[in-house]
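Novice: Let me begin by handing over the structure; questions about it come next.
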DNA sequence: TTGCTTTTTTAACCTATGGTAACTTTTTTG
DNA sequence: CAAAAAAGTTACCATAGGTTAAAAAAGCAA
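Chains as they are written, first to last, in full-length UniProt numbering: chain A, 1 to 187; chain B, 1 to 187.
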């Protein structure tokens, strides 16, 4: 079941037989979170990665009494505080379930084991590379576009996300206040 | 000679014997650029990565009649339009030598070959992961900090870069105009 | 349903940064 | 080395988006 979901999600990037994904899922536990559950707290080290089966999660950074949202991830994608997972250091990022969520959890120990296999090294290389590309695109958007352009493009690219996720999170993901987002939406 | 430079640069991340780096440099050609040479033009596909031996390079995106700088890279680091290299698609990014530069050039074909070796798969995984971490930090800085904070932190972290690189590039890297940077510097 | 909490909207005012333009300094080039 | 081009500075006004505050709407628990 789950191995098929993973295969489907990754086939566009590289094809691996379903038995290989089965081995992957055998290393995972299924976990679930309630809406607003904190998955990883600020100041801790990330010890897992998650493949979201259903729901949505976000990664946040607190700044005095409010916060910014660095990423919002929907089902059929990997999710984690990748920075902390990669550096194996504590990070001040917080990961939160933004909806009732079920996910496959894989431990860092198992990730490290997998990285040594041909399959794992390709999987995580592709994961890291596409995360980089996505982050660079976010950097470009922040540097070159107005808040209004960023909102319109997000809306076009992922209208479902805008329906499902609270505006305060979307606003902070776009780098603006909820007031500004509201102002933009009025148009 | 060059293999030692590479070993020294990468030992903090993972240690490989110098003979392995020798094999790496055997796949490279040494190239040099004059200041302001365009290494890869907008609209082309990146066909190489570079390890900068001496000098500095930047990666830029044009926006009507001006531009933003996505990254400035000094000697002893890898440099490329990674996005285009990864996706193997054209990108509108432009890479430019910001100083007289000498570098080791490795072709995408050789990179792909290397990725299949144990050494290469670790090297490029670590490269992609640390590029991601760096990009995420840039995203955080853009979302949470003022231009003045970003300037002061860059100055603290890399005072040499501020000496060597033209202010117009630094300004665009920080996401501001040269006029704003000038205003900040006056303090 | 009712009442309480959280989220979203609206509005008035403020600030950091952008745009334009004139001027000065530095760098490049014949 | 002088002339020309590029880069940096300064001053002015314009504006996107922040801040504060409060009302309205939506969500949620009892």
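Glycine is no exception: its CB is placed at the ideal position from the N, C-alpha and C atoms.
Using 8 Å for Cβ pairs, my map puts residue 79 of chain A next to residue 52 of chain A. What's the rounded Cβ distance?
Specialist: One-based indexing of the first chain puts residue 79 of chain A at position 79. One-based indexing of the first chain puts residue 52 of chain A at position 52. Right, the Cβ-Cβ distance comes to about 5 Å (below 8 Å), so this counts as a contact.
Novice: From residue 34 of chain A to residue 144 of chain B, what distance separates their C-alpha atoms?
Specialist: Looking up residue 34 of chain A in the first chain gives position 34. Looking up residue 144 of chain B in the second chain gives position 144. Distance between the alpha carbons of residue 34 of chain A and residue 144 of chain B: 28 Å.
Novice: Quick check on residue 30 of chain B: does DSSP put it in helix, strand or coil?
Specialist: Residue mapping note: residue 30 of chain B aligns to position 30 of the second chain, counting from 1. Residue 30 of chain B falls in the strand class under three-state DSSP.
Novice: Under 7 Å, CB to CB, which of the residues in the region 117-138 of chain A have a partner in chain B?
Specialist: 121, 124, 125, 128, 129, 131, 132, 133, 135, 136 and 138
Novice: For the alpha helix (DSSP H) that residue 87 of chain A lies in, which residues bound it at each end?
Specialist: Counted from its first residue, the first chain places residue 87 of chain A at position 87. Note, residue 87 of chain A: alpha helix (DSSP H), 82-87.
Novice: Going by DSSP in three states, residue 108 of chain B sits in which element: helix, strand or coil?
Specialist: Counting from one through the second chain, the residue named residue 108 of chain B turns up at place 108. Reduced to three states, the DSSP call for residue 108 of chain B is helix.
Novice: Residue 71 of chain B lies in the beta strand (DSSP E); which residues open and close that run?
Specialist: As a first step, residue 71 of chain B is located in the second chain; it is residue number 71 there, counting from the start. First-last of the beta strand (DSSP E) with residue 71 of chain B: 66-74.
Novice: Let me know the secondary structure DSSP gives residue 93 of chain A once reduced to three states.
Specialist: Start at 1 with the first residue of the first chain, and residue 93 of chain A comes out as number 93. Of the three classes helix, strand and coil, the one that applies to residue 93 of chain A here is strand, per DSSP.
Novice: Starting from residue 170 of chain A, follow the alpha helix (DSSP H) in both directions and report where the run begins and ends.
Specialist: By 1-based counting over the first chain, the position of residue 170 of chain A is 170. Element bounds for residue 170 of chain A: 167-174.
Novice: For residue 38 of chain A, which residues from the same chain have a beta carbon less than 7 Å from its beta carbon, with the 5 sequence-adjacent residues on both sides left out?
Specialist: Numbered from its first residue, the first chain carries residue 38 of chain A at position 38. The residues are 94 and 96.
Novice: Could you tell me how far apart the beta carbons of residue 69 of chain B and residue 58 of chain B are, in whole angstroms, since I believe they sit closer than 8 Å?
Specialist: Position 69 of the second chain, counting from 1, holds the residue named residue 69 of chain B. Position 58 of the second chain, counting from 1, holds the residue named residue 58 of chain B. Residue 58 of chain B and residue 69 of chain B do touch by the CB rule: their CB atoms are close to 5 Å apart, below 8 Å.
Novice: In whole angstroms, give me the CA-to-CA distance for residue 43 of chain A and residue 177 of chain B.
Specialist: On the first chain, position 43 is the one that residue 43 of chain A refers to. On the second chain, position 177 is the one that residue 177 of chain B refers to. The straight-line gap from Cα to Cα measures roughly 35 Å.
Novice: Just checking: is the beta-carbon of residue 142 of chain B within a distance shorter than 8 Å of some beta-carbon in chain A?
Specialist: For the purposes of this step, residue 142 of chain B is identified with residue 142 of the second chain, where counting begins at 1. Chain A has a Cβ within less than 8 Å of the Cβ of residue 142 of chain B.
Novice: Could you pull out every residue in the same chain whose Cβ sits closer than 7 Å to the Cβ of residue 172 of chain A, ignoring the five residues on either side in sequence?
Specialist: Residue 172 of chain A sits at position 172 when you count from the first residue of the first chain. 67, 68 and 69.
Novice: When DSSP labels each residue in this structure, what does residue 14 of chain B get in the three-state scheme?
Specialist: Translated into positions along the second chain, residue 14 of chain B becomes position 14. Three-state result, residue 14 of chain B: coil.
Novice: Using the three-state DSSP reduction, which class does residue 54 of chain B fall into: helix, strand or coil?
Specialist: For the purposes of this step, residue 54 of chain B is taken as residue 54 along the second chain, with counting starting at 1. Three-state result, residue 54 of chain B: strand.
Novice: Buried or exposed: where does residue 26 of chain B fall if 16 or more other Cβ atoms within 10 Å of its Cβ makes it buried?
Specialist: In the second chain, residue 26 of chain B corresponds to position 26, counting from 1. Answer is exposed; the Cβ neighbour count stays below 16.
Novice: Tell me whether residue 61 of chain A sits in a helix, a strand or coil according to DSSP, three-state version.
Specialist: As a first step, residue 61 of chain A is located in the first chain; it is residue number 61 there, counting from the start. Looking at residue 61 of chain A - three-state DSSP - the assignment turns out to be strand.
Novice: Check the C-beta distance from residue 88 of chain A over to residue 45 of chain A and give it rounded, since I have them as a contact under 8 Å.
Specialist: The residue labelled residue 88 of chain A in the question sits at position 88 within the first chain. The residue labelled residue 45 of chain A in the question sits at position 45 within the first chain. The Cβ separation is near 7 Å, so the contact holds.
Novice: Can you list, in chain order, the residues of its chain whose CB lies under 8 Å from that of residue 197 of chain B, leaving out five sequence neighbours each side?
Specialist: What is shown of chain B runs 1 to 187, which leaves residue 197 of chain B out entirely.
Novice: Is the shortest distance between the beta-carbon of residue 82 of chain B and the beta-carbons of chain A less than 8 Å?
Specialist: As a working note, residue 82 of chain B is residue 82 in the second chain. By this cut-off, residue 82 of chain B is an interface position.
Novice: Look at residue 194 of chain B and residue 128 of chain A and say whether their C-beta atoms are less than 8 Å apart.
Specialist: Nothing can be reported for residue 194 of chain B, as the shown portion of chain B is limited to 1 through 187.
Novice: In three-state DSSP terms, what is residue 45 of chain B?
Specialist: Residue mapping note: residue 45 of chain B aligns to position 45 of the second chain, counting from 1. Residue state, collapsed to three classes: coil.
Novice: Listing by chain order, which chain B residues have their CB less than 7 Å from the CB of residue 31 of chain A?
Specialist: The residue you call residue 31 of chain A lines up with position 31 of the first chain. Chain B residues near residue 31 of chain A: none, gap ~24 Å exceeds 7 Å.
Novice: Would you mind working out which of B:17, B:111 and B:73 sits nearest residue 98 of chain B, comparing C-alpha positions?
Specialist: Residue 98 of chain B sits at position 98 when you count from the first residue of the second chain. Minimum Cα distance to residue 98 of chain B is reached at B:73.
Novice: Looking at the strands, I want to know which residues DSSP matches up with residue 102 of chain A.
Specialist: Here the question's residue 102 of chain A lines up with position 102 in the first chain. Per DSSP, A:32 and A:54.
Novice: Assign residue 156 of chain B to one of three DSSP states: helix, strand, or coil.
Specialist: Position 156 of the second chain, counted from the start, is the residue given in the question as residue 156 of chain B. Assigned with DSSP and collapsed to three states, residue 156 of chain B falls in helix.
Novice: Taking the continuous alpha helix (DSSP H) assigned at residue 186 of chain A, which residues delimit it?
Specialist: Position 186 of the first chain, counted from the first residue, corresponds to residue 186 of chain A. 178-186 is the span of the alpha helix (DSSP H), which, as asked, contains residue 186 of chain A.
Novice: List the residues of chain B that residue 43 of chain A touches, going by C-beta distances under 9 Å, in chain order.
Specialist: For this step, residue 43 of chain A is matched to residue 43 along the first chain. Going along chain B, no residue has its Cβ under 9 Å from residue 43 of chain A, so there is no contact; the nearest lies around 16 Å.
Novice: Name the DSSP beta bridge partners of residue 40 of chain B, please?
Specialist: By one-based count along the second chain, residue 40 of chain B stands at place 40. Note: residue 40 of chain B sits in a beta bridge opposite B:95.
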